[in-house]
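Under this note's numbering, the first residue of the sequence shown carries the number 1, and numbering increases by one thereafter.
Backbone N, C-alpha and C define an ideal beta-carbon position, used for all residues, glycine too.
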Amino acid sequence: MFYHVVIEIEGNKEPIYELDRTIESVIEEVMIPYLEGKSFHFDGYPIALDRIKRINIKKTNQTTTELANFENEYITMLDVSRESIMSFDQYTEDVTKKIIEIGKQKLKERGNEQLSAPEVKIDKTKVFIVHGHDKLALAETGLFIRQLGLEPIVIQDQSNQGMTIIEKIESYSNVGYGVILYTPCDEGAKQGEELKPRARQNVVFEHGFLIGKIGRKNVAALVKDAVEKPNDISGIVYITMDDNDAWRLKLAQELKSSGYEIDMNRFFE
């Protein structure tokens, strides 16, 4: 079966068409957004809901190209277009009401799924730490996290159970903050340029993964020495691990702004 959508738009003399679609694409890409009151793309253009006068959905047993060719070759002397097939009752069946009902049922089912899905409570007592080879920076960061009354979760230290680093991070799905240690463990440069100190590439990758998982505002990078930082992502929090320990106060402030209960007096202990 082939499904065809005809939309009459406010201010347009002629309707617009999308022909020979699957029922699934009509429901997901047209009907459900329409029922949700959202704009959607149609015939290559965004369609605002308040401009739609009427939606009509029809079904045929053959493609509109096949039907138009048949009409032009055997039936009529007129030039029958694919769009004009929509006015031929002998080929089309109006299924608008049926598609609307299917769309409403799908929305109802999705609403029930969302209601029944268990809410994941974010644990604001634990903090991810991702690190390279600098054990001193790791120890200093872990100790400070504990001084704040929080539990550091060092991904590399967690039991393997055959899991990759990414799978380990996924297994701690409720941890609310991540600290990434950018330490000079590797070197790299563009071709022809001088080598510069870099964090290990797995650290950079896991940084991006954590941003995608728990949100950019819930991840901070502690940068030691003159380590090269990724410069193609805006809005990332970078904190310099300076010798006067100002990084501790900055990290505590970031944790507090992320919703962690931080007693700032602990910083001065």
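Secondary-structure assignment with DSSP links Y45 through a beta bridge to F42. Within the same chain, Cβ atoms closer than 8 Å to the Cβ of F42 are found at V5, I7, I16, E18, V30, the five residues on either side in sequence being excluded. By the Cβ rule, the segment 211 to 225 counts as touching the segment 167 to 186, because three or more pairs are nearer than 8 Å. Contact between the segment 50 to 69 and the segment 20 to 34 is present, with at least three C-beta pairs closer than 8 Å.
When C-alpha distances from D50 are compared across D20, Q201, K38, the shortest belongs to K38. Linking Y3 to F88 through their CA atoms gives a straight-line distance of about 14 Å. Following the DSSP letters along the chain, one finds R146 in no beta strand (DSSP E) but inside the alpha helix (DSSP H) bounded by residues 135 to 147. In the displayed model, I102 falls within a helix according to three-state DSSP.
G132 is a Cβ neighbour of R200, given a cutoff of 8 Å.
Remark: C-beta atoms of V227 and P197 approach each other more closely than 8 Å. In this structure V127 is in contact with I145, their Cβ atoms being roughly 5 Å apart against a cut-off of 8 Å. Approximately 13 Å separates the beta-carbon atoms of E254 and K124; this is outside 8 Å, ruling out the contact.
Residue state for N244 is assigned as coil, using DSSP reduced to three classes. Under the three-state reduction of DSSP output, T60 falls in the strand class. The beta carbon of K256 sits closer than 8 Å to the beta carbons of I262, M264 from its chain, once the five residues preceding and following it are set aside; these are given in chain order. Collapsing the DSSP output to three states places F88 in coil. Beta-bridge analysis with DSSP links H4 to K58. A distance below 8 Å separates the beta carbons of L107 and L35. Between E167 and P152, the alpha-carbon positions lie close to 18 Å from each other.
Per DSSP, the beta-bridge partners of D186 are R198. Excluding the 5 residues flanking it on each side, P46 has same chain C-beta neighbours closer than 7 Å at S39, in chain order.
In terms of CA proximity to I23, I99 leads the group G149, I99, M241, T183. Secondary structure of A220 (DSSP, three-state): strand. By the beta-carbon neighbour count (other beta carbons within 10 angstroms, threshold 16), G11 is exposed.
When secondary structure is reduced to three states using DSSP, D20 falls in the strand class. With respect to L195, D134 sits apart: the two C-beta atoms are not nearer than 8 Å. Annotation for I32: the continuous alpha helix (DSSP H) segment containing it runs 32 to 35. Within the same chain, and ignoring the five residues on either side of V80 in sequence, the residues whose Cβ sits closer than 6 Å to its Cβ are A68, E71, N72. By DSSP's assignment, F128 forms a beta bridge with I153, G178.
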